[in-house]
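Reading through the structure tokens given below for one structure.
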Amino acid sequence: MRSFNLLKRGHGLRYGDQVSEDKQDKNVDSTTSTESAAQPNPRLKKLAILVAILLGAGAWFYFTARPSGSPPKARTPATTPTTPGALSQPGERAPGALLEAAQRTPEKVSPPAKAKPAESIERIPIEPLPPPKPAEVSPPPPAPVPQGKEPPAIGPAKSAPPAKTDSKAASRAEQAAPPQAPAAPPRAPAAARKKAASPKPTPARRAPAAAAYQIEVASCVSEACLQKAQSQIQRAGYKPQQSKVGRKAEMYLVVGGEFSSGLLAQRRQRELESQGLKTTIHPIEDGKQAVVAGIFEDLAGARSQRKALQEQGGSWRILRRAVDVESVTLIVGGFHTYEEAVKAKARLSAKGLHPELRMVKK
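If you're matching positions, the sequence shown starts at 1 in the UniProt record's numbering and goes up one per residue.
Quick look at the structure:
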């Protein structure tokens, strides 16, 4: 029993010694771990310095390369490149270092500075323009020189007597001086040249003015009336002009017979022509045909013609009818003034005519 107890005590002593040794080993490990935790790992220091450098370089590049006008955008923190050899292996890290790295807060990135607003543009007052200067009036050109007199020749100005110098120096100066150009002849004034160049325009001849007045002397239907009026106008000293006009008018007819058919009228016309009388056939009222030996505007002329025909034989009578006739109007014209036309009218009236003054439109 005693031996068992002794053995137990010996075993206990051994166990106690072993426990105490284990406790001492644990204490040593704890002290070493605390010491290792107190002293940071140099690799972590290098990593932290590298991260700080990268963040600073990224911030500098962001604010310098970005234009000032546009608002800055939020920049994501740069990730630190890790190399296989840069970080320690999991087995190499101390437990205290891992805890410290986990508890360490990342550095705050400073917010980008706000872009300054553009300075307000300073308004500069605009000065009013000065009033325009009056145009300079050039002096009038000189009066042209008359062709008969020549301008007086302008002689060379008299130079002062040369100072007495050395003959050698004078010869050298003459050789060095350039030859003078001959003087240009005096030019005539610009106004005189223009007058000589431009010929005088010849005045255009005026066309003769058109006649403003004319005189209608007579309007004849029969040949006898026409010949008589022409002879009277010529005796007054004028040359008549004829104008034929077809019209319907009340006329005096000297009739040699009235017939209901054209054949009978033509037979009577042939009988009168065989006697040397010139006649025409004119239709009258009721569809009858009349053989007419003369058409007159006045009754006196018709009576005179009827009397002459009755002396040759046959029965003749006078009828007043509206017939289509071609009358010939005798005109005397070419009067430019009213006074000339009035004088001509008086001369024609003195010859037994009945002229009428007409105004002609130009």
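Glycine included, C-beta positions come from ideal geometry on N, C-alpha and C. Computed from a prediction, not measured in an experiment: that's the story for all the values here.
{"Check": "Based on Cα-Cα distance, which residue from Y252, R321, Q266, G262 lies nearest to S304?", "Outcome": "Y252"}
{"Check": "Measuring CB atoms only, is the segment 230-237 touching the segment 259-266, in the sense that at least three cross pairs come out at less than 8 Å?", "Outcome": "no"}
{"Check": "Ignore the nearest five residues each way along the sequence and tell me which others in D324's own chain have a CB closer than 8 Å to its CB.", "Outcome": "G246, R247, K248"}
{"Check": "Kindly indicate which three-state DSSP category L277 falls into: helix, strand or coil?", "Outcome": "coil"}
{"Check": "Please name the residue, chosen from G56, L277, A290, that lies closest to Q310 on a Cα-to-Cα basis.", "Outcome": "L277"}
{"Check": "Is the CB-CB distance between E223 and I331 below 8 Å?", "Outcome": "no"}
{"Check": "Can you name the residues that DSSP bridges to I284?", "Outcome": "I284 pairs with nothing; no bridge assigned."}
{"Check": "Excluding the 5 residues flanking A350 on each side, which residues of the same chain have their C-beta closer than 8 Å to its C-beta?", "Outcome": "A236"}
{"Check": "Measure the beta-carbon distance from E250 to K288 and round it to whole angstroms, keeping in mind my assumption that it falls under 8 Å.", "Outcome": "Not confirmed; about 18 Å, so no contact."}
{"Check": "Quick one: what does DSSP say A350 is sitting in, helix, strand or coil?", "Outcome": "helix"}
{"Check": "Does DSSP put V254 in a helix, a strand or coil?", "Outcome": "strand"}
{"Check": "Is R358 helix, strand or coil when you go by DSSP?", "Outcome": "strand"}
{"Check": "Nearest-angstrom Cα distance between L226 and S219?", "Outcome": "8 Å"}
{"Check": "Does the beta-carbon distance from V291 to L272 come in below 8 Å?", "Outcome": "yes"}
{"Check": "Provide the residue span of the beta strand (DSSP E) that contains E216, from first to last.", "Outcome": "213-220"}
{"Check": "Ends of the alpha helix (DSSP H) at G301?", "Outcome": "299-312"}
{"Check": "Is S260 helix, strand or coil by DSSP?", "Outcome": "coil"}
{"Check": "For L353, count neighbouring C-beta atoms within 10 Å of its own C-beta (all shown protein chains included) and say buried if the count is 16 or more, exposed if not.", "Outcome": "buried"}
{"Check": "If you reduce the DSSP assignment to three classes, tell me which class K248 lands in.", "Outcome": "strand"}
{"Check": "Are the C-beta of S231 and some C-beta of chain C separated by less than 8 Å?", "Outcome": "Here chain C cannot be found, since the structure has a single protein chain."}
{"Check": "Go ahead and label E356 buried or exposed: buried means 16 or more other beta carbons lie within 10 angstroms of its beta carbon, across all protein chains shown.", "Outcome": "exposed"}
{"Check": "Hey, quick one: how far does the alpha helix (DSSP H) through S231 stretch, first residue to last?", "Outcome": "223-235"}
{"Check": "For residue 389, is the classification buried or exposed, using 16 other Cβ atoms within 10 angstroms of its Cβ as the cut-off for buried?", "Outcome": "This structure gives no information on residue 389, because the portion of the chain shown stretches from 1 to 362."}
{"Check": "If you follow the beta strand (DSSP E) that T337 is part of, which residue opens it and which one closes it?", "Outcome": "T337 -> no beta strand (DSSP E), and no H or E assigned at all."}
{"Check": "Buried or exposed, going by whether 16 or more other CB atoms sit within 10 Å of the CB of I53?", "Outcome": "exposed"}
{"Check": "Closer than 7 Å by C-beta to P283: which residues in its own chain qualify, once you throw out the five before and the five after it? Chain order, please.", "Outcome": "Q289"}
{"Check": "Using the beta-carbon count (16 or more within 10 Å), is P42 buried or exposed?", "Outcome": "exposed"}
{"Check": "Can you give me the C-alpha to C-alpha distance between R321 and V342, rounded to a whole angstrom?", "Outcome": "35 Å"}
{"Check": "For A118, which three-state DSSP category applies?", "Outcome": "Any reading at A118 needs caution, since the residue's pLDDT is 47, under 50, leaving its predicted position unreliable; the model's value is listed next. A118: coil per DSSP, three-state reduction."}
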